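Protein chains: 2
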Amino acid sequence: MKKGSKFGTHRVIEPKGILPQPAKVISNDMQIFDNEILIDVQTLNIDSASFTQIKEQAGGDEAKIKEIMLGIVKSFGKHKNPVTGSGGMLIGTVAEIGPALEGKTDLKVGDKIATLVSLSLTPLVIEEILEIRIDIDQVDIKGKAILFESGIYAKIPTDIPENLALSVLDVAGAPAQTAKLVKPGDTVLVIGGAGKSGMLCLYEAKKRAGVTGKVICLQHSDSARDRIMDAHLADHYITADATDAVDVLGKVEAVTNGEMCDIVINCVNVENTEMSSILATKDDGLVYFFSMATSFTKAALGAEGVGKDVQMIVGNGYTKGHAEITLQIMRESETLRKIYEDLYA
Amino acid sequence: MKKGSKFGTHRVIEPKGILPQPAKVISNDMQIFDNEILIDVQTLNIDSASFTQIKEQAGGDEAKIKEIMLGIVKSFGKHKNPVTGSGGMLIGTVAEIGPALEGKTDLKVGDKIATLVSLSLTPLVIEEILEIRIDIDQVDIKGKAILFESGIYAKIPTDIPENLALSVLDVAGAPAQTAKLVKPGDTVLVIGGAGKSGMLCLYEAKKRAGVTGKVICLQHSDSARDRIMDAHLADHYITADATDAVDVLGKVEAVTNGEMCDIVINCVNVENTEMSSILATKDDGLVYFFSMATSFTKAALGAEGVGKDVQMIVGNGYTKGHAEITLQIMRESETLRKIYEDLYA
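Protein chains in written order, with the UniProt record's numbering: chain E, 1 to 345; chain A, 1 to 345.
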């Protein structure tokens, strides 16, 4: 059996010598190396920005969506959307464990897991697409995937339905980072707060900011207002187009008495929302970009352009304990669990 | 005289209602609004990523560089490189101050200033390109520009030569952020440490990390080794290609006894260096991306892909006192001042 590198560089075909994520093409040969784990895949949870792009390209047509997805995997050996650069995650069952991982992993054959590394670096074979759940970005397939030694995963808990677990684990980084950042008394704005990652961030923000804090949900339409306010996820609900920085500025000024926010968390997967995030933040405040549609240069030059001394953080999908923190929300809050079951599972 | 908005939105032509930086086209009509400052421009300092792209597109030909630059300003009303999205800054003399700024600004007509907002949002007219200093990204022109009310600037000091001041002010954000981040005892890696922003970062890192810290310069060629080590800017000098994450990982492991770095500052204006930065960082460490060639998704997914719990910061070109901090380095260190005079002024 061939020896593999921790990070999976042995799978990279083009260009040679780099890591699997930035690589264009990787090998999806399903013969495992000594430190790899083979997974029988059940469901792909496509990254929201990626799936939106695929749906648009397909004009909403399911057969065309299948064709695009199969094409991506065939060309690149992984489901890395060539337009958005993003992946997603998967759920499946451990089929084989490389001998070099013995004593190093707590997994055994037959365990049901969600991989928490991106599909943009995961060797994948799709034999057949069984079902597309178009509204929740999930695709059931018959296929196999490889998890590298450095790859992170979560065992699917038995007390939470699988699809629900997959849905929330996909965005687990966001609420876990929120939990780390928000302090008592903070004013926190979540842009795209009524979305899948947004509501989890609101929940953690409310919990950490406490009674002396203020949590604001910003969403592009009014339709989620009752859901958010009835669930006590936010103190204020702003309806605004997040790409309209000037409008957002005015509305956030209004609900914060002109003081603006200590922390702004951007969870909205559309382009050109960097400036809204920056203008809504206090000087010396912090912007946390979780949206994969964020442009580095727009953020960097945008802050400089308006002379704003804010710290801007690139959302890291991984932080220690992120799976546990996020699954715990589903146990803690019956209201939120019900919302996620209705909307995303 | 027409009333302008603080952020310059009144200048935006396409698309309407957004801020000047993300806008495609802005008005470069040199009739000022009531809160604007008119500047007689002397020198443009083109952003390094932008100028590299322009030079490549022109195949190094000066006439072609002029043509490209004039074309950008003619099309967009500002020098925002349509490929890199970045700008640069300028030096010039205050020609007119809008009446609404009276008592609000410390500037007067005739003051020589450097604008510290990006050229990517600055209304600009180039009447003539007088001289291109191709190795230091500086272009002398006859022309005019507009500074908005929110626009930041620095008065050119009298004890530092103009071109030198312009060169270091252009990258003032990087050393100022370094000064804020680095603590005594930290191990700090500066990728592209021998470059214009890199050396300033090394200087601040050495000063803050102190005798118990360790500062490492990583550069693609060995040619700057003597310059860096003779000036005591670093404790270690690594020669490596920053796009080769696997090689960088090994070399940083070697000089840190496998402990890796508390803080990695990326100053190298080439693509695909995100993974080197991430892998060189300790768990719970911090990566500061100052390079405008940084890809948001490559950074976000890269860290997740290798399961690294690191904080990644989008380099903000502005932080309070950044001009003062950076000009002070030129006063404090005769060695560094001499290096910058030789290389960049």
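We put the CB at the ideal spot given by N, CA and C, even for glycine. Given the structure is predicted, the values throughout are model-derived calculations rather than measurements.
{"Asked": "Nearest-angstrom Cβ-Cβ length linking Gln-219(E) and Thr-243(E), presumed shorter than 8 Å", "Found": "Wrong, their Cβ atoms sit about 13 Å apart, outside the cutoff."}
{"Asked": "Same chain only: Cβ atoms within 8 Å of Ala-300(A), ignoring 5 sequence neighbours per side", "Found": "Met-312"}
{"Asked": "Cα-Cα separation, Glu-269(A) to Met-292(A)", "Found": "The sequence shown places Asn at residue 269(A), rather than the Glu named in the question. Using only the alpha carbons, I get a separation of about 6 Å."}
{"Asked": "Under 7 Å from the C-beta of Ala-245(A): neighbouring residues of chain E", "Found": "Ile-18 and Leu-19"}
{"Asked": "Any C-beta of chain A under 8 Å from that of Met-69(E)", "Found": "no"}
{"Asked": "Straight-line gap, Asp-235(A) to Gln-177(E) (C-alpha atoms, nearest Å)", "Found": "34 Å"}
{"Asked": "Whole-Å CB distance - Tyr-288(A) paired with Val-168(A), under 8 Å assumed", "Found": "With a Cβ gap of about 18 Å, Tyr-288(A) and Val-168(A) do not count as contacting."}
{"Asked": "In chain order, each beta strand (DSSP E) run of at least 3 residues that lies wholly inside the stretch 205-261 of chain E", "Found": "214-219 and 236-239"}
{"Asked": "CB contact below 8 Å: Ala-323(A) versus chain E", "Found": "no"}
{"Asked": "Within chain A, partners of Ile-152(E) - CB distance below 7 Å", "Found": "Gly-307"}
{"Asked": "Within chain A, partners of Asn-35(E) - CB distance below 9 Å", "Found": "Simply none; closest approach about 14 Å."}
{"Asked": "Below-8 Å beta-carbon distance, Ala-58(A) vs any chain E residue", "Found": "no"}
{"Asked": "Local conformation of Asp-40(E) per DSSP, three classes", "Found": "strand"}
{"Asked": "Where Asp-342(E) falls: helix, strand or coil (DSSP)", "Found": "helix"}
{"Asked": "Contact under 8 Å by Cβ, Val-139(A) with Phe-7(E)", "Found": "no"}
{"Asked": "Burial state of Ala-49(A), where buried means 16 or more other Cβ atoms lie within 10 Å", "Found": "buried"}
{"Asked": "Cβ pair count under 8 Å reaching 3, the stretch 177-191 of chain E against the stretch 150-166 of chain E", "Found": "no"}
{"Asked": "Given Tyr-153(A) as reference, the closest of Ile-126(A), Gly-143(A), Leu-107(A) and Lys-144(A) once Cα atoms are compared", "Found": "Leu-107(A)"}
{"Asked": "Nonlocal neighbours in the same chain, by C-beta distance under 7 Å from Leu-233(E), ignoring five residues either side", "Found": "Met-199, Leu-202, Tyr-203, Lys-206 and Cys-217"}
{"Asked": "Extent of the continuous beta strand (DSSP E) run through residue 346(E)", "Found": "With chain E covering 1 to 345 only, the question about residue 346(E) has no answer from this structure."}
{"Asked": "Span of the alpha helix (DSSP H), counted from its first residue to its last, around Ala-23(E)", "Found": "Premise fails: Ala-23(E) is in no alpha helix (DSSP H) and is neither H nor E."}
{"Asked": "Contacts of Tyr-318(A) in chain E (Cβ-Cβ under 8 Å)", "Found": "Ala-303, Glu-304, Gly-307, Lys-308 and Asp-309"}
{"Asked": "Beta-bridge partners of Ala-145(E), as assigned by DSSP", "Found": "Ile-39(E) and Leu-124(E)"}
{"Asked": "7 Å Cβ shell around Ile-18(E) - same chain, five flanking residues per side excluded", "Found": "Val-12"}
{"Asked": "Partner residues on chain E for Lys-298(A), Cβ-Cβ distance less than 8 Å", "Found": "Gln-21, Pro-22 and Gly-85"}
{"Asked": "Inter-residue Cα distance where the pair is Gly-315(A) and Cys-261(E)", "Found": "20 Å"}
{"Asked": "Simplified DSSP state of Met-330(E), which is helix, strand or coil", "Found": "helix"}
{"Asked": "Minimum length 4: unbroken alpha helix (DSSP H) runs contained in the stretch 36-93 of chain A", "Found": "48-57 and 62-76"}
{"Asked": "Cβ neighbour criterion (16 or more within 10 Å) applied to Asp-309(E)", "Found": "buried"}
{"Asked": "Beta carbon of Ile-39(A) nearer than 8 Å to that of Val-94(A)", "Found": "yes"}
{"Asked": "Opposing strand residues paired with Val-154(A) [DSSP bridges]", "Found": "What sits at residue 154(A) in the sequence shown is Ala, not Val. Ala-154(A) is bridged to Ala-114(A)."}
{"Asked": "Contact set between the stretch 82-108 of chain A and chain E, restricted to residues whose Cβ is under 8 Å from the partner", "Found": "Thr-84, Gly-85, Ser-86 and Gly-87"}
{"Asked": "For Val-188(E), the nearest candidate out of Leu-336(E), Phe-51(E) and Tyr-237(E) (CA to CA)", "Found": "Tyr-237(E)"}
{"Asked": "Cβ-Cβ separation, Phe-296(E) to Ser-295(A) (assumed contact under 8 Å), whole Å", "Found": "6 Å"}
{"Asked": "Pairwise C-alpha distance: Ala-303(E) and Ile-278(E)", "Found": "6 Å"}
{"Asked": "C-beta atoms of Leu-101(A) and Leu-44(A) nearer than 8 Å", "Found": "no"}
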